[in-house]
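Trainee: Just passing along the structure, written as structure tokens.
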Amino acid sequence: LLKISEEKRTVSLLNQTTFALLGLTTALAWKLTDLSFVSSISGAVFGTALIFVYPSLMFRAAIKNLGDKATATEKKESTFAMLVNLVGIAVGIIGTKMALGSGQAIH
Numbered sequence: 298l299l300k301i302s303e304e305k306r307t308v309s310l311l312n313q314t315t316f317a318l319l320g321l322t323t324a325l326a327w328k329l330t331d332l333s334f335v336s337s338i339s340g341a342v343f344g345t346a347l348i349f350v351y352p353s354l355m356f357r358a359a360i361k362n363l364g365d366k367a368t369a370t371e372k373k374e375s376t377f378a379m380l381v382n383l384v385g386i387a388v389g390i391i392g393t394k395m396a397l398g399s400g401q402a403i404h
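Start counting the sequence shown at 298; every next residue gets the next number (my numbering).
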């Protein structure tokens with residue numbers, strides 16, 4: 298996912314990444330006092346990623362894996378899927394900006 302080769306994807310790297318993410322989450326939980334803010338941000342980011350971004354990336358990867366076996370229509374659909382991906386990213390950015398502008402949640 299982060300363009301890390303399979304040789305470098307070790308248990309140690311996974312543990313370090315998990316520790317860093319948990320530390321970041323804990324630090325944010327310490328500072329955030331309004332849970333509706335957290336809900337707004339997670340809805341904006343994860344909701345749009347789940348509905349728009351991930352499916353289009355998976356479809357594009359599936360078509361790419363087909364290589365020359367992919368039909369012209371499938372290749373056009375792959376291009377359209379990337380357009381959906383970009384729209385999803387834009388919606389996520391707008392939702393995040395709206396959530397960030399909806400009050401003082403960080404003290």
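Virtual Cβ for every residue (Gly too), placed ideally from N, Cα, C.
Owing to the predicted nature of the structure, the values given are computational and were not obtained by experimental measurement.
From residue 355 to residue 348, what distance separates their C-alpha atoms?
Mentor: Distance between the alpha carbons of residue 355 and residue 348 is about 12 Å.
Trainee: Which value, in whole angstroms, describes the spacing of the CA atoms of residue 401 and residue 329?
Mentor: The predicted position of residue 401 is uncertain, since its pLDDT is 48 and thus under 50; no value can be drawn from it.
Trainee: Exposed or buried, residue 368, counting other C-beta atoms within 10 Å across all chains shown (16 or more means buried)?
Mentor: Its Cβ having fewer than 16 others within 10 Å, residue 368 is exposed.
Trainee: What is the residue span of the alpha helix (DSSP H) that residue 371 lies within?
Mentor: Segment 369-397, the alpha helix (DSSP H) holding residue 371.
Trainee: According to the neighbour-count rule (16 or more other Cβ atoms, all chains shown, within 10 Å of its Cβ), is residue 404 buried or exposed?
Mentor: Any reading at residue 404 must be qualified, since the residue scores a pLDDT of 48, below 50, and its modelled position is unreliable; the value itself is stated next. Flag for residue 404 reads exposed.
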